[in-house]
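In what follows, a single structure is set out as structure tokens and then discussed.
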Amino acid sequence: MQYTRTKEYREIDFFLILFAEVEDLKEGHQLMMARVEPNIEEFTYVIVGGGIAGVTCAEHLHILHPEERTLVITASPMIKTVTNILPVTKILESFDVEERPARQLQDTYPNLTVVKDTVIGLDSAKQHVLTSSGKCFSFQKLCLCNGATPKIIAPNSPHVVWIRDTESAQQFQARIQNAKRILIVGNGGIATEMVYEVRGVEIIWAIKDRHMTAHFIDPGAAEFLRSELNQEKTPTSAPTKRTKFTVDNTQSTQEHQLGGALGPDWHADLELRGKAQRTVTLETEVEVARVMEPAEFNKEGKTLTLLHDNEEEWPVYAELTNGKVYGCNFIVSAIGVTPNTSEFTKGNNLELGEDGGFLVDDKMRTSVKNVFAAGDVCSPGWKLAKHWFQMRLWTQARHMGMYVAKCMWAEAVGEEVYQDFCFELFVHTTKFFGHKVILLGLFNGQNLSDKYEVLLRVTKGTEYVKCIMEDGRLQGAVLIGDTDLEETFENLILDQLDLSHFGADLLHPGVDIEDFFD
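Residue numbers 1 to 518, in full-length UniProt numbering, belong to the letters of the sequence shown in order.
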């Protein structure tokens, strides 16, 4: 009797289909199909994803429920973990992101298992997950922390790259070393950091907004930073605390599986230097209309936008929506991300939010029983606090990872939990063009009527302070530089004190508001 394991059913069902051919039947050969349950490994908690949200969730589940078995399934051999956590304010923290081999997580925490594999299916009714290697795991509580996928301009072009995880960042480093000119498309944090960090290369920066870094800052703050645009970054010999794990460049995989999203200082250990003089050409209110190979460009007879009198032939050409055509060595697509939901929605009643993420309630539960979600892959479906909103940042991934662990544990043991205080106020800290940047609350007047006013204090090259005021109360703030106002402003937003009597003097250098409101 010969058994053959059929591939056709493998991704459709959660069973092994065996065909038994019976040789000695008088009526001729017949096929018998036997459905055999696979070897199912049982866990209390299963987490999909090895990024900041998933690893934070796993670490906190170990603290809350150390006696129960927890499984982390990650497509990458590396995981992201948060270290060196320093409180900045009541809610805001600064921290480092370290990339470590996935096995170290398993070695550190008893009862925690890490499997390098890719989830290809979810049977929410049976509470099973199936992986590409044919393994099947059962869960009591499942948390989806599998992040998001970059949106790509011309995804089939070999001249378009993206940066989302460490492997893609290293590929970018390899390409930039031989480049004279690149086109960066996008206006978020990664694009902004890239424009500042890359040296020795001509940069064309194409953004769809009227000013740079509009995802985070207003036109005034953009003007404050713009003087740094064409400056070469000053090399620093100071060691970074954010440890990077270098992957052997000789190793390759047949298919690039996305790792966890990049954290702060993703560029710290990368040599991002090209072969030309650094210049930055900013193209505003544009998108890429078309990407062309040299033969296609020459055939079309398009007029090239020249940055020099005599330009060489470029490996790729990009036509912008304003009609300009630029040649470059390659294009960087940094136009945002799409939540990774497709592998889990098949056959499951998982409700999605307007932005495509798994819709979760105030306990991080999806629309399917015992299935939770956190980080970039989820969309908040609860009534949001006035001063909080989702931006899919590493700070929010950490907050969600901690909170979802608490929610999963509470539901498993029958405890009651209340929503974490971090969801009361949006907070984020980062660096743009070498300046510390802190964003608090409705920092760009998000969701406010047109009646709010803006208070500004600017010291060129040193600090930029913006307050968003509505009815005499502070609703949000942008702090660039070492202002030491973050704790005071956080309290003012949370307490909603009436500041009308201060008027414009709220930001007067002679008024020490910290003494009033700390």
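We treat Cβ as the ideally placed atom computed from N, Cα and C, and that holds for glycine.
Everything numeric in this text was worked out from a predicted model, so none of it was measured.
(message) DSSP has residue 520 in a bridge; who is on the other side?
(response) Nothing can be reported for residue 520, as the shown portion of the chain is limited to 1 through 518.
(request) Decide if Ser379 is buried, meaning its Cβ has at least 16 other Cβ atoms within 10 Å, or exposed. (result) buried
(message) Contact defined as beta carbons within less than 8 Å: I believe Arg181 pairs with Asn329. What is the distance between those atoms, to the nearest angstrom?
(response) 6 Å
(message) If contact is defined by three or more beta carbon pairs under 8 Å, each pair taking one atom from either stretch, is the stretch 146-159 in contact with the stretch 363-380?
(response) Judged by Cβ distances under 8 Å, the stretch 363-380 makes contact with the stretch 146-159, as three or more pairs qualify.
(message) Checking 8 Å against the spacing of the C-beta atoms, do Ile163 and Ile190 come in under that value?
(response) yes
(request) Taking Asn491 as the reference, give the member of Lys431, Asn444, Thr395, His387 with the closest Cα. (result) His387
(message) Could you check whether Val332 and Val161 sit closer than 8 Å to each other, using their CB atoms as the reference points?
(response) yes
(message) Quick check on Leu105: does DSSP put it in helix, strand or coil?
(response) helix
(message) Does Ala75 come out as helix, strand or coil in the three-state DSSP assignment?
(response) Ala75 sits in coil when the DSSP states are folded into three classes, being neither helix nor strand.
(message) Under DSSP, the alpha helix (DSSP H) around Ser342 begins and ends at which residues?
(response) 342-345
(request) List the DSSP bridge partners of His387. (result) Leu425
(request) Could you tell me whether the Cβ atoms of Val97 and Val46 are closer together than 8 Å? (result) No, Cβ-Cβ distance for Val97 and Val46 is not below 8 Å.
(message) In the DSSP assignment, the beta strand (DSSP E) including Gln475 goes from what residue to what residue?
(response) 473-480
(request) With a threshold of 16 other CB atoms inside 10 Å of the CB of Ser500, please say whether the residue is buried or exposed. (result) exposed
(request) Let me know the beta strand (DSSP E) ranges lying completely inside the UniProt domain "FAD/NAD(P)-binding" (316-401), each 3 residues or longer, listed in chain order. (result) 316-320, 325-328, 330-333, 337-339, 358-360, 371-373, 378-380
(message) By the DSSP assignment, the alpha helix (DSSP H) with Leu61 in it spans what residues?
(response) 52-64
(message) In whole angstroms, give me the CA-to-CA distance for Thr321 and Phe139.
(response) 49 Å
(request) Could you say which of Phe502, Phe389, Thr366 lies nearest to Leu448 if we only look at CA atoms? (result) Phe389
(message) By alpha-carbon positions, which one of Ile217, Gln177, Thr213 ends up nearest to Val201?
(response) Gln177
(request) Find out if the Cβ-Cβ distance for the pair Ala102, Ile79 is shorter than 8 Å. (result) yes
(request) Look up Trp205 in the DSSP assignment and say whether it is helix, strand or coil. (result) strand
(request) Could you check if Arg210 is buried or exposed, using at least 16 other CB atoms within 10 Å of its CB as the buried criterion? (result) exposed
(message) Checking 8 Å against the spacing of the C-beta atoms, do Asp117 and Thr131 come in under that value?
(response) Using a Cβ distance threshold of 8 Å, Asp117 and Thr131 count as a contacting pair.
(message) Can you give me the C-alpha to C-alpha distance between Asp495 and Leu485, rounded to a whole angstrom?
(response) 15 Å
(message) Buried or exposed for Gln475, going by 16 or more other Cβ atoms inside 10 Å?
(response) With a threshold of 16 other beta carbon atoms within 10 Å, Gln475 meets it and is buried.
(request) Compare the C-alpha of Lys383 against each of Met391, Arg392, Gln419 and name the closest. (result) Gln419
(message) Measuring straight from C-alpha to C-alpha, what distance separates Trp409 and Phe443?
(response) A direct Cα-Cα distance of roughly 34 Å separates Trp409 from Phe443.
(request) Measure the Cβ-Cβ separation of Val368 and Leu350 and say whether it is below 8 Å. (result) Contact flag set, yes.
(message) Quick check on Glu271: does DSSP put it in helix, strand or coil?
(response) Any answer about Glu271 is weak, because its pLDDT of 49 lies below 50 and its placement is not dependable; what the coordinates show is given next. For Glu271, the secondary structure class from DSSP, reduced to helix, strand or coil, is coil.
(request) Return helix, strand or coil for Phe224, following the three-state DSSP convention. (result) helix
(message) the ligand PLP and Glu197: does the residue's C-beta get closer than 7 Å to at least one heavy atom of that ligand?
(response) For the ligand PLP, the structure offers nothing, since it holds no ligand at all.
(request) Mind the definition here: the stretch 338-346 touches the stretch 355-369 only if three or more C-beta pairs lie below 8 Å; say whether that holds. (result) yes
(request) Pick helix, strand or coil for Pro110, following the three-state DSSP scheme. (result) coil
(request) Go ahead and label His159 buried or exposed: buried means 16 or more other beta carbons lie within 10 angstroms of its beta carbon, across all protein chains shown. (result) Classification of His159: buried, given that the 10 Å Cβ count is 16 or more.
(message) Mapping the DSSP letters down to three states, classify Asn444 as helix, strand or coil.
(response) coil
(request) Mark Ala504 as exposed unless 16 or more other C-beta atoms lie within 10 angstroms of its C-beta, in which case mark it buried. (result) With fewer than 16 other Cβ atoms within 10 Å, it is exposed.
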